[in-house]
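Residue numbers (my numbering): 162 to 272.
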Amino acid sequence: MSARLATHMVVAALIRRVQHGGGHAAVLAIGDRDAGGLLVQCCERGRLRALLEQTYDFDGSLTWRDVELPDIADQPQIESYFARRRTRDTDLWLVEIDIDQPDQFVRAMFD
């Protein structure tokens, strides 16, 4: 397993890249500065398209997985999911981005 970049640096880089790409980004919940998990609400023109969670792959590398919810556009479901995750992981961050093809943007940025 390789050294991991501190979460606050990953979040700052994500926000900067989104803004540079003409989009908007906001931190909705702050977790642990160095080792917090990361959830990203991916919006396109104000509509929620995906919820991505940063997880570890089998080989120990970080990867992104889609959070499967019955209705991804239902904000109360997102809030409920985040609240459940936050009870198990108080270090969890939540960031919202709004840019064209947001889920592809996030995955491409971290590949």
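Glycine included, each C-beta is placed from N, C-alpha and C at the ideal position.
Distance from the CA of Q262 to the CA of G184, rounded to the nearest whole angstrom, comes to 11 angstroms. In the DSSP secondary-structure assignment, I258 is bridged to A186 and C203. Of all alpha-carbon atoms in Y242, A244, Q180 and M170, the one lying nearest the alpha-carbon of I258 is that of Q180. Counting only residues of its own chain and dropping the five nearest sequence neighbours on each side, I191 has a CB closer than 7 angstroms to the CB of W254.
If you check the CB distance, C204 and V267 do not come in under 8 angstroms. When the Cα atoms are used, T251 and L189 turn out to be separated by approximately 14 angstroms. A distance of 8 angstroms or more separates the beta carbons of D264 and R208. At a Cβ-Cβ threshold of 8 angstroms, L199 and V228 do not count as neighbours. Cβ neighbours of R246 within its own chain (closer than 6 angstroms, five residues either side excluded): L253. Secondary structure of R194 (DSSP, three-state): coil.
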